Amino acid sequence: MADFLSQYSIQRWIEMCPQGYLENTVYGRGPDEHEPEAILDDTEQRDAAISSTVQLVVGERCALAASSGLINAAPDYPSKRFLATQTLDEARHVEVFTQRLFDLGVKKDDLEDTVQEHANPNLVKFAEVLLEKVGNGDFLAGVVGQNIVLEGMAFTVFELLETANKELNPKFAHTLSGTIADERRHVGFGENRIGSLVREHPEKKPEIEQMQQEMTYYMLATFADAFSGPQVQPAEPPTGEADFHGTNLATATPEEMEAVLSNTVLGEFKTRLDRIGLEYQSPPVPA
Amino acid sequence: MTTSDASTSEVAPDKPRRQYDLDETGFNEVPKKWRKFYRHWGGPGDKLGRNEVVCPVCKIVIRSARELRPGDKVYCMPCMSRMIVVEGPDDHFIAEVIF
Numbered sequence: 003m004a005d006f007l008s009q010y011s012i013q014r015w016i017e018m019c020p021q022g023y024l025e026n027t028v029y030g031r032g033p034d035e036h037e038p039e040a041i042l043d044d045t046e047q048r049d050a051a052i053s054s055t056v057q058l059v060v061g062e063r064c065a066l067a068a069s070s071g072l073i074n075a076a077p078d079y080p081s082k083r084f085l086a087t088q089t090l091d092e093a094r095h096v097e098v099f100t101q102r103l104f105d106l107g108v109k110k111d112d113l114e115d116t117v118q119e120h121a122n123p124n125l126v127k128f129a130e131v132l133l134e135k136v137g138n139g140d141f142l143a144g145v146v147g148q149n150i151v152l153e154g155m156a157f158t159v160f161e162l163l164e165t166a167n168k169e170l171n172p173k174f175a176h177t178l179s180g181t182i183a184d185e186r187r188h189v190g191f192g193e194n195r196i197g198s199l200v201r202e203h204p205e206k207k208p209e210i211e212q213m214q215q216e217m218t219y220y221m222l223a224t225f226a227d228a229f230s231g232p233q234v235q236p237a238e239p240p241t242g243e244a245d246f247h248g249t250n251l252a253t254a255t256p257e258e259m260e261a262v263l264s265n266t267v268l269g270e271f272k273t274r275l276d277r278i279g280l281e282y283q284s285p286p287v288p289a
Numbered sequence: 059m060t061t062s063d064a065s066t067s068e069v070a071p072d073k074p075r076r077q078y079d080l081d082e083t084g085f086n087e088v089p090k091k092w093r094k095f096y097r098h099w100g101g102p103g104d105k106l107g108r109n110e111v112v113c114p115v116c117k118i119v120i121r122s123a124r125e126l127r128p129g130d131k132v133y134c135m136p137c138m139s140r141m142i143v144v145e146g147p148d149d150h151f152i153a154e155v156i157f
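One line per chain: the protein sequences are W and C, in this order.
For the first sequence, our numbering assigns the number 3 to the initial residue and increments by one for each residue that follows.
For the second sequence, our numbering assigns the number 59 to the initial residue and increments by one for each residue that follows.
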């Protein structure tokens with residue numbers, strides 16, 4: 003365990019992240035990249051982009067609060083050190099997605115009102131379930147909620163968004179690719195650190211599984227909200243394929259998009275939880 | 059793991075292993091000297107070589123400069139997980155995480 007934790011050095015993080023894939027980026031994208039005019043000039047598309055970006059800001063604000071809160075709860079200094087790097091990663095994610103809101107025309111003075119207006123209530127509840135554990139100083143539940151459930155969800159959502167935007171919006175796709183690279187470390191820490199702790203504290207399993215069940219409920223409800231109602235289509239559909247786990251995102255219906263996203267995230271939850279010795283719990287009622 | 063490979067082996071050699079020349083594929087999520095040992099995964103349709111295995115934690119393809127064998131240990135630097143290689147279906151390897 004000590005050997006595993008020794009990998010999480012600040013120096014390694016500097017070499018991989020600021021001196022690696024983030025080198026020469028500005029807010030996570032190329033210095034000369036901009037939002038496409040097709041989005042900026044079309045009110046419907048711009049509003050849809052603002053609304054979806056607000057969900058990313060809400061999720062990342064939760065991740066920032068959780069990872070910073072878990073530093074004091076961590077039982078050892080290597081974990082504290084890793085969570086310090088994750089805290090900076092999450093703060094950067096909040097910043098780059100907030101910057102996207104500004105790039106889309108949201109005025110700085112209107113930021114909080116915009117977030118409040120568009121934030122999905124189910125996503126807010128998802129965050130509250132996690133932050134309650136963090137607030138109680140529960141390291142084990144907090145890391146499962148943050149680095150397995152939240153990050154597992156974010157990992158898949160970002161991959162879907164990156165795939166969907168590669169052709170239509172390279173600037174946003176580049177921002178997402180840097181956040182995905184960060185998420186790899188976060189899910190890796192979650193599984194590697196918690197795998198051994200769950201075995202040491204089997205009495206914690208029921209409580210953690212209940213938290214996962216609640217978070218999953220609100221996550222699926224968020225997905226259902228996101229893909230219900232009229233969907234805004236890009237003015238120019240992508241010409242190439244945007245394959246995501248066997249679904250072509252360029253031609254998929256909202257129902258197909260929701261299905262592939264939900265199924266992929268739930269499949270990942272089950273696999274990841276099983277690896278660390280927890281059993282996936284289905285939500286109590288269909289969301 | 060050394061700078062010349064991303065895998066280690068405790069398996070007794072039975073026949074010589076095929077060697078692979080690794081080139082960088084644009085993967086930039088690890089320091090430069092390690093980049094050739096990893097590539098982005100193209101999804102379930104991505105045909106893996108006998109020197110490659112997908113990290114089940116972060117979905118990156120780990121590449122070795124030599125043919126892999128069941129029992130080999132591999133390291134995924136992007137998510138910092140260690141795993142052991144096992145034979146999977148369809149003539150490709152899968153990796154199981156070591157906690």
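No residue lacks a Cβ here, since even glycine has one placed at the ideal position from N, Cα and C.
As the structure is a prediction and not an experimental result, all values here were calculated from the model.
Within the stretch 129-153 of chain C, contact with chain W at the beta-carbon level (separation under 7 Å) is assigned to Pro136, Cys137, Met138 and Ser139. Per the DSSP secondary-structure output, C:Thr66 pairs in a beta bridge with C:Lys131. DSSP places W:Met213 inside the alpha helix (DSSP H), whose first and last residues are Lys207 to Phe229. Beta-bridge annotation (DSSP): W:Thr249 is paired with W:Phe246. For C:Phe151, the secondary structure class from DSSP, reduced to helix, strand or coil, is strand.
When DSSP reads this structure, C:Ile120 sits in a beta bridge with C:Tyr96 and C:Val111. The distance from the Cβ of W:Leu199 to that of W:Leu142 is about 6 Å, consistent with a contact at the 8 Å cut-off. When secondary structure is reduced to three states using DSSP, W:Arg31 falls in the strand class.
Chain-order list of chain C residues neighbouring W:His247: Gly101 and Pro102, by C-beta distance under 9 Å. Residues of the stretch 189-221 of chain W with a C-beta atom less than 7 Å from some C-beta of chain C are Val189, Gly190, Glu193, Asn194, Gly197 and Ser198, listed in chain order. Secondary structure of C:Arg140 (DSSP, three-state): strand. One alpha carbon belongs to W:Glu39, the other to W:Leu170, and they sit about 11 Å apart. Cα atoms of C:Phe95 and C:Phe157: separation of roughly 22 Å, rounded to the nearest angstrom.
The three-state reading of DSSP puts W:Ile73 in helix, counting H, G and I together. Residue contact check for C:Ile120 against chain W: no CB pair falls below 8 Å.
Per DSSP, the continuous alpha helix (DSSP H) segment holding W:Ala166 begins and ends at Glu153 to Asn167. In this structure, W:Ala67 sits near W:Leu133, with a CB-CB distance shorter than 8 Å. Assignment of W:Ile12 by DSSP, reduced to helix, strand and coil, places it in the helix class. Counting C-beta pairs closer than 8 Å gives fewer than three between the stretch 122-139 of chain W and the stretch 82-95 of chain W, which falls short of the contact rule. If you look at W:Thr116, you'll find it in the alpha helix (DSSP H) that goes Leu113 to His120. Secondary structure note for W:Ala175: its alpha helix (DSSP H) is the uninterrupted segment Pro172 to Glu202. Separation of the CB atoms of W:Leu113 and W:Leu106 is rounded to 12 Å, and the pair is thereby denied contact status at 8 Å.
For the pair C:Glu87 and W:Ala51, the CB atoms are not nearer than the 8 Å cut-off. Taking 8 Å as the cut-off, the beta carbon of W:Glu185 is found closer than this to the beta carbon of W:Phe160. Of the candidates W:Thr224, W:Ile278 and W:Leu275, the residue whose Cα lies closest to the Cα of W:Ala261 is W:Thr224. For C:Val112, no Cβ of chain W is located within less than 8 Å of the residue's own Cβ.
Taking 9 Å as the cut-off between beta carbons, the residues of the stretch 19-31 of chain W near chain C are Cys19, Gln21, Gly22, Tyr23 and Glu25, in sequence order. Looking at the DSSP output, W:Ile41 sits in no beta bridge, so it has no partner there.
Using a Cβ distance threshold of 8 Å, W:Asn167 and W:Ala175 count as a contacting pair. In this structure, W:Glu270 places its C-beta atom within 8 Å of the C-beta atom of W:Thr158. Inter-residue distance for W:Ala121 and W:Ser230 is about 15 Å (C-alpha atoms, whole angstroms).
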